[in-house]
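Going line by line, the protein sequences match chains A and B.
If you're matching positions, the first sequence starts at 1 in UniProt numbering and goes up one per residue.
If you're matching positions, the second sequence starts at 1 in UniProt numbering and goes up one per residue.
There are 2 protein chains.
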Amino acid sequence: MLWKFSNRAMALKSSAIREILKITEQPDVISFAGGLPSPNTFPVTEIKNAFNHIIAADEMTGALQYGPTEGYAPLRIWLAQYLSRRDHTNINPNQILIVTGSQQALDLIGKALIDKGSKVLVETPTYLGGLQSFTQYEPEYISLESDEQGIIPDVLDDNIAAKANFMYVIPNFQNPTGRRLPLARRQQLAKKAIANNLTLVEDDPYGELDYQGHRLPSLYTLAPENTIYLGSFSKILAPGLRLGYIVANEELINKLVQLKQAADLHTPSLTQRIAYHVIKDGFLETHIPKIRDLYRHRCQTMLNALQRYMPTTVTWNKPEGGMFIWIELPKNINATELLSEAIQHKVAFVPGETFFANTIHTNCMRLAFVTVPEEKIEQGVSILAQLITKWSDALEQSPTMI
Amino acid sequence: MLWKFSNRAMALKSSAIREILKITEQPDVISFAGGLPSPNTFPVTEIKNAFNHIIAADEMTGALQYGPTEGYAPLRIWLAQYLSRRDHTNINPNQILIVTGSQQALDLIGKALIDKGSKVLVETPTYLGGLQSFTQYEPEYISLESDEQGIIPDVLDDNIAAKANFMYVIPNFQNPTGRRLPLARRQQLAKKAIANNLTLVEDDPYGELDYQGHRLPSLYTLAPENTIYLGSFSKILAPGLRLGYIVANEELINKLVQLKQAADLHTPSLTQRIAYHVIKDGFLETHIPKIRDLYRHRCQTMLNALQRYMPTTVTWNKPEGGMFIWIELPKNINATELLSEAIQHKVAFVPGETFFANTIHTNCMRLAFVTVPEEKIEQGVSILAQLITKWSDALEQSPTMI
Chain A
1 MLWKFSNRAM ALKSSAIREI LKITEQPDVI SFAGGLPSPN TFPVTEIKNA
51 FNHIIAADEM TGALQYGPTE GYAPLRIWLA QYLSRRDHTN INPNQILIVT
101 GSQQALDLIG KALIDKGSKV LVETPTYLGG LQSFTQYEPE YISLESDEQG
151 IIPDVLDDNI AAKANFMYVI PNFQNPTGRR LPLARRQQLA KKAIANNLTL
201 VEDDPYGELD YQGHRLPSLY TLAPENTIYL GSFSKILAPG LRLGYIVANE
251 ELINKLVQLK QAADLHTPSL TQRIAYHVIK DGFLETHIPK IRDLYRHRCQ
301 TMLNALQRYM PTTVTWNKPE GGMFIWIELP KNINATELLS EAIQHKVAFV
351 PGETFFANTI HTNCMRLAFV TVPEEKIEQG VSILAQLITK WSDALEQSPT
401 MI
Chain B
1 MLWKFSNRAM ALKSSAIREI LKITEQPDVI SFAGGLPSPN TFPVTEIKNA
51 FNHIIAADEM TGALQYGPTE GYAPLRIWLA QYLSRRDHTN INPNQILIVT
101 GSQQALDLIG KALIDKGSKV LVETPTYLGG LQSFTQYEPE YISLESDEQG
151 IIPDVLDDNI AAKANFMYVI PNFQNPTGRR LPLARRQQLA KKAIANNLTL
201 VEDDPYGELD YQGHRLPSLY TLAPENTIYL GSFSKILAPG LRLGYIVANE
251 ELINKLVQLK QAADLHTPSL TQRIAYHVIK DGFLETHIPK IRDLYRHRCQ
301 TMLNALQRYM PTTVTWNKPE GGMFIWIELP KNINATELLS EAIQHKVAFV
351 PGETFFANTI HTNCMRLAFV TVPEEKIEQG VSILAQLITK WSDALEQSPT
401 MI
């Protein structure tokens, strides 16, 4: 059969990295690759209680029937109250759309805001999943100058800001770099967005994972009319539920509701109700600090191991929250090639090159420290460090390879 | 804020019918509108047992963690065996992609196979949700000549077949008409598809709801290389789980997997595992006959009521399965206008006009007979019949309106 694929489908390439990473599902591999939350944080007992409550309260018919595209109303009301309180703002439930994981939010936003050639501003580097969603609608990416604190609003040209369909930004503990945008830059960015009628797509799956519990104001609170805020339950409850949400003004939400109806009618009714019953009475207030403690500890374990084992030519950031450390290798080490050998030594990571929209840097890697227990973190980093040392030495001694 | 909407988003109109139908959620309305399965068919006890099994067997971590985009492997293996046995064919698990309801299948197929201006062949009328998904990728629709048995393959021009990116067809108890495509036409259509390298998108959510248990061969079995088969658990388990699946050759499935990864990463792990544990030991073999019995009975109740109450100028089909009856009113009655008055009398239906891709017929309506208990079916049809009689009389006496 000769399928008549669309241009966007023909442009899809099967990813070599994706194929390599399939190996990491084997249990004997120490994988720093997937951004998989620690299963220790999954609230199994609370989910069981929520399910039993739904049965006992005779809510199962509602949980199994078709539901509204906008989402389960009590969950939207709860979120509006929770976010308004947390962020000292005023959000109403009609501004909230429940989605099937925040990956779906990225797809719906691409559908709503991108035509072929539309200009989309992204961080350097940026989240691979965002690029995957947006690329299907054929934008032109503009990678913004960024440093270890995130994008630099000062150097963003007003003409470029005014012409862009939106800017995609992850201010808190960014995927892949783990960096957090400082308050002053948030304020500059919000100001620039308002001045140039620029839409900010603020993706915030990691915002609650601040190790000190010290939350910086969201872009949404600084420029509410310009910002589309994306939240997720994947990192604070469980990713297998596939539950996220979008907050924006009602005009935009109404468009996204129509697009979501065509995409999957609605997010599963059962998982929405389970999440609602788990969180409605303050569960997150005690649960989130436990996740922060675990991840802070694992982060410190990895930082200690990096300090102990890595050669001095390797550098990395020190995250204040989230799930990732970003490593820069000597310029002549290609992280994708390194991965092939690391896999043979049963250690995995994600090479940095997939996270760049324009100019690609090949000497970077993303390490997730949340999935693997402490003793394995130490062991995995030690193996990686030995390989990198070996490669560095070999490259020094072989001038033709430089 | 001036959102920079894409062309596809700007083309979306808020649907007047959708607004009217929101009223039908009130409990005192007799609604024949939504195609909502009867809650009596939801396997609540089995779902509870499946959930408890997942807890007891320590499978909850897997049910709450990120999972493969392709779907939960045991469910794919089970489906491959079930479908191979049911349809006397040979499907392997790599040919199966689990989706978040078969509405998502329609969206992914639109993404994979439609560029702006691509020709998509559809039945007259066809499923509204299919049109909603495909339209976002800006195809040119060609509505095929159809009669009370479905599309007429004989009159389909070979040039048109050869140029089309695909044909969208619902052979079993079609939404909205309830009609079933006869065996001879299926064979003709398969032959024509093979001869013209035409892709058939076979949407089959209602195939199991055959009142006599007499299944006709699917297009997939007649032209497996040409056909993308869409199945759903919404009508045989519960729609709130949002579980469907796609069967096709592996080349196509691989493309759809990449597109699904960008759309929502994967279908929720928990709902997939619940469905698997409910069905894996033969549950459907006893459950589906019960659904058929209930729906056959409700269908007959509605047919009897139509026969008893409707004026002779109104015609309808007699479904052999599924959930819908399609009504043709006298030509000068506009069903959308009729709906506005029917709602005031607490009865709802879906006007037929939304189901046409090209030339619109305004004197049709779709009645779903599965949601409402028998006594309400009789009452609702009686109210509708009185209104239609009143409108017919008024139109006869008012020649200026003809």
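C-beta atoms are modelled at their ideal positions from N, C-alpha and C, and glycine is treated no differently.
- Leu131 (chain B) places its beta carbon less than 7 Å from that of Ala357 (chain B).
- Taking 7 Å as the threshold, the shortest C-beta distance from Pro217 (chain A) to chain B does not fall below it.
- Its chain contains Thr69 as the residues whose beta carbon lies nearer than 8 Å to that of Gln261 (chain B), once the 5 sequence neighbours on both sides are disregarded; these appear in chain order.
- Proximity of chain A to Pro93 (chain B) at the Cβ level (cut-off 8 Å) is not reached, the minimal Cβ distance being about 16 Å.
- Among the bridge pairs identified by DSSP, Phe42 (chain B) is matched with none.
- If you ignore the 5 residues before and after Ile114 (chain A), its C-beta comes within less than 8 Å of the C-beta of Val120, Phe134, Tyr137, Glu138, Pro139, Asn165, all in its own chain and listed in chain order.
- Relative to Phe349 (chain A), the option among A:Gln26, A:Ala33, A:Leu108 whose CA is nearest is A:Ala33.
- Secondary structure at Met1 (chain B): coil, using DSSP grouped into helix, strand and coil.
- For a cut-off of 8 Å, the C-beta gap from Ala368 (chain B) to Met310 (chain B) is around 17 Å, too long to register as a contact.
- Considering only beta carbons, the part of the stretch 252-267 of chain A lying closer than 8 Å to chain B consists of Leu252, Asn254, Lys255, Gln258, Leu259, Gln261, Ala262, Ala263, Asp264, Leu265, His266, Thr267, in chain order.
- Shown in chain order are the members of the stretch 1-19 of chain B whose Cβ falls below 8 Å from a Cβ of chain A: Met1, Leu2, Trp3, Lys4, Phe5, Ser6, Asn7, Arg8, Ala9, Leu12, Ser14.
- A buried status is given to Gln65 (chain B), since no fewer than 16 other beta-carbon atoms sit within 10 Å of its beta-carbon.
- Val372 (chain B) sits in coil when the DSSP states are folded into three classes, being neither helix nor strand.
- Under the Cβ criterion (8 Å, minimum of three pairs), the stretch 71-90 of chain A does not count as touching the stretch 101-110 of chain B.
- Considered as a whole, the stretch 143-217 of chain B harbours 166-169, 200-203 as its complete beta strand (DSSP E) runs of no fewer than 3 residues, in chain order.
- About 5 Å separates the beta carbon of Met365 (chain A) from that of Gly352 (chain A), a gap short enough to meet the 8 Å contact definition.
- The CB of Asp107 (chain A) comes closer than 8 Å to the CB of Ala262, Ala263, Asp264 in chain B, given here in chain order.
- Within the same chain, Cβ atoms closer than 7 Å to the Cβ of Lys318 (chain B) are found at Leu303, the five residues on either side in sequence being excluded.
- Of all residues in the stretch 211-241 of chain B, only Glu225, Asn226, Ala238, Pro239, Gly240, Leu241 come within less than 7 Å of chain A when Cβ atoms are compared, listed by chain position.
- Here Lys116 (chain A) is exposed, its C-beta having fewer than 16 other C-beta atoms within 10 Å.
- Residues are counted here when their Cβ sits less than 8 Å from a Cβ of chain B; for the stretch 40-73 of chain A these are Phe42, Val44, Ile47, Lys48, Phe51, Ile55, Met60, Thr61, Gly62, Ala63, Leu64, Gln65, Tyr66, Gly67, given in chain order.
- DSSP, reduced to helix, strand and coil, places Lys280 (chain A) outside both helices and strands of the structure shown, so it counts as coil.
- If you check the CB distance, Gln188 (chain A) and Pro217 (chain A) do not come in under 7 Å.
- Close CB contacts of Leu294 (chain A) within its chain, under the 7 Å cut and outside five residues either way in sequence, are with Ser38, Asn40, Thr41 (chain order).
- Per DSSP, Ser232 (chain A) is one residue of the beta strand (DSSP E) stretching across 227-232.
- Around the beta carbon of Gly282 (chain A), a 10 Å sphere encloses fewer than 16 other beta carbons of the protein chains shown; the residue is thus reported as exposed.
- For Gly244 (chain A), the enclosing beta strand (DSSP E) covers residues 244-247.
- Between Pro176 (chain A) and Pro224 (chain A), the CB-CB gap reaches or exceeds 7 Å.
- Between the stretch 86-98 of chain B and the stretch 237-249 of chain B, the count of Cβ pairs shorter than 8 Å is three or higher; the stretches touch.
- Counting C-beta pairs with one atom in each stretch, the stretch 272-282 of chain A and the stretch 226-240 of chain A have three or more that are closer than 8 Å, which means they touch.
- Less than 7 Å divides the Cβ of Thr315 (chain A) from the Cβ of Glu328 (chain A).
- Taking Ile20 (chain A) as the centre and dropping the five residues before and after it, the same chain places the C-beta of Leu339, Ser340, Ile343 closer than 7 Å to its C-beta, in chain order.
- Close to chain A, meaning a Cβ-Cβ distance shorter than 8 Å, are the following residues of the stretch 109-128 of chain B: Lys111, Ala112, Leu113, Ile114, Asp115, Ser118.
- In the DSSP secondary-structure assignment, Glu140 (chain A) is bridged to A:Lys119.
- Within chain B, no residue has its beta carbon less than 7 Å from that of Leu21 (chain A); the closest one is some 12 Å off.
- Leu284 (chain B) and Pro43 (chain B) have their C-alpha atoms roughly 10 Å apart.
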